[in-house]
Amino acid sequence: MFAAPRNNFTEGPLSHSTPKSEKGKSPLEPKNVAKLPVSIYGWYRVLIFSTDRRESFNRVLRRIRRVLNPLKINPRYKHTGGEQDTAEDSGALFTFFVDSYDVASALFRRGWLDNRVWLKVSDQMPKIWINAFFRLRLTRVLLDRYNQDEHRLDLTLFYKDEALDRDFCALAESHCLSTVLGIVGREMPELEVLILDRNHLTNLWAFSLMEHRFPRLQSISLRQNNIGNVNSLRVFQFLPLTELNLQNNPLPAGYEREVRDIWPSLQVLNEIQVTPDPKIIQLF
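Going letter by letter, the sequence shown gives residues 1 to 284 in full-length UniProt numbering.
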């Protein structure tokens with residue numbers, strides 16, 4: 001079952017809220033009670049709830065277009081039903097995403113669409129399923145980023161790659177990351193250097209068994225992600241790493257010692273030489 005929206009007038013992001021009616025004003029009028037957080041990816045999720053389960057998406061969308069005018073809306077990644085973040089969200093009638101803050105903010109402020117339909121808007125990123133056509137496009141994007149001479153793949157800010165042509169694919173999204181790693185394993189088995197900077201990575205489970213896919217991988221950069229503990233890095237522990245960059249992650253103080261215990265062969269950590277380069281030793 002779906003839940004009716006709750007009143008919420010606290011500061012900060014609105015969470016499944018309905019504007020509280022003021023004396024002499026209609027509860028359907030938009031209220032600027034809070035600001036929609038700006039998405040780091042530029043995408044926003046819209047959940048549609050209704051007291052009438054017979055509502056169709058197209059009928060609701062026509063009403064949305066009317067209240068948004070002159071703003072234009074291009075709903076993407078539409079599906080029936082809600083999301084599984086919370087029990088409330090799973091009760092939505094429909095879900096779609098937009099890549100316009102102006103559109104998302106206008107819907108966020110409105111709350112109720114009419115006396116039967118209300119909306120919940122958030123900065124949640126899409127959860128995507130990748131078809132064969134998009135997989136082919138991803139392959140081209142990845143090959144363009146690969147330096148074959150140096151066996152180096154640079155995926156810095158991958159979600160902002162213009163070649164994605166406004167389709168969503170962030171490495172922090174599990175389906176995208178798994179698909180990307182599958183393509184890289186097939187197309188670049190001799191990979192030696194992998195740069196993953198500034199992708200908002202938190203969960204690294206998709207990198208498990210990397211030593212089988214990329215036995216020559218020796219250098220990984222994870223600068224400016226959201227990695228909060230060293231244990232999550234153990235997915236890489238069987239790789240013959242000689243260089244690792246973890247700068248600007250929310251790791252605990254003194255994590256460097258634990259990292260060196262995991263990779264005793266590490267030569268460079270955070271761009272600092274921690275053990276002598278064997279090639280230099282051989283010169284003496």
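Beta carbons: idealized from backbone N, C-alpha and C, even for Gly.
Since this is a predicted model, take the numbers as computed values, not measurements.
- Comparing alpha carbon positions, the residue from Leu119, Trp118, Asp114, Leu68 closest to valine 103 is Leu68.
- Looking at the backbone, the Cα of arginine 140 and that of serine 39 are separated by about 27 Å.
- Residue Ile73 holds the alpha-carbon nearest to the alpha-carbon of valine 98 among Ile73, Asp197, Asn245.
- Note on the segment 109-185: whole alpha helix (DSSP H) runs with a minimum of 4 residues are 132-144, in chain order.
- Taking C-beta atoms as the reference points, alanine 206 and leucine 181 count as a pair closer than 8 Å.
- Assigned with DSSP and collapsed to three states, valine 274 falls in coil, not helix or strand.
- The C-alpha of alanine 170 lies about 12 Å from the C-alpha of aspartate 197.
- Within a 10 Å sphere around the beta-carbon of proline 215 sit fewer than 16 other beta-carbons, which makes this residue exposed.
- In this structure, phenylalanine 134 places its C-beta atom within 8 Å of the C-beta atom of aspartate 167.
- Taking the C-beta atoms as reference points, isoleucine 48 is found nearer than 8 Å to alanine 92.
- Taking C-beta atoms under 8 Å as the contact rule, leucine 194 and isoleucine 220 qualify, at a distance of about 5 Å.
- For isoleucine 64, the enclosing alpha helix (DSSP H) begins and ends at 57-68.
- Annotation note: the segment 198-232 contains the following uninterrupted alpha helix (DSSP H) runs of length 4 or greater, listed N- to C-terminal: 210-213.
- Between the segment 226-239 and the segment 250-261, the count of Cβ pairs shorter than 8 Å is three or higher; the stretches touch.
- Following the DSSP letters along the chain, one finds tyrosine 77 inside the beta strand (DSSP E) bounded by residues 76-80.
- Taking C-beta atoms as the reference points, isoleucine 183 and leucine 217 fail to come closer than 8 Å.
- The alpha carbon of aspartate 154 has as its nearest neighbour, out of Arg223, Trp263, Tyr77, the alpha carbon of Arg223.
- Just measuring C-alpha positions, the residue of Thr95, Asp144, Arg152 sitting nearest proline 126 is Thr95.
- With fewer than 16 other Cβ atoms from the protein chains shown falling within 10 Å of its own Cβ, threonine 51 counts as exposed.
- In the same chain as valine 259, and ignoring 5 residues on each side of it, the C-beta atoms closer than 8 Å to its own belong to Val230, Leu233, Leu244, Leu246, Leu266, Leu269, in chain order.
- Our two residues, tyrosine 146 and leucine 204, have alpha carbons roughly 21 Å apart in a direct line.
- The continuous alpha helix (DSSP H) containing serine 90 extends over residues 87-90.
- Rounded to whole angstroms, the separation of the alpha carbons of proline 276 and tryptophan 43 is 46 Å.
- The straight-line gap separating the alpha-carbon atoms of glutamate 150 and valine 274 is approximately 23 Å.
- Your pair asparagine 115 and tyrosine 159 does not check out as a contact, with CB atoms roughly 38 Å apart and the cut at 8 Å.
- For a cut-off of 8 Å, the C-beta gap from glutamate 55 to valine 121 is around 18 Å, too long to register as a contact.
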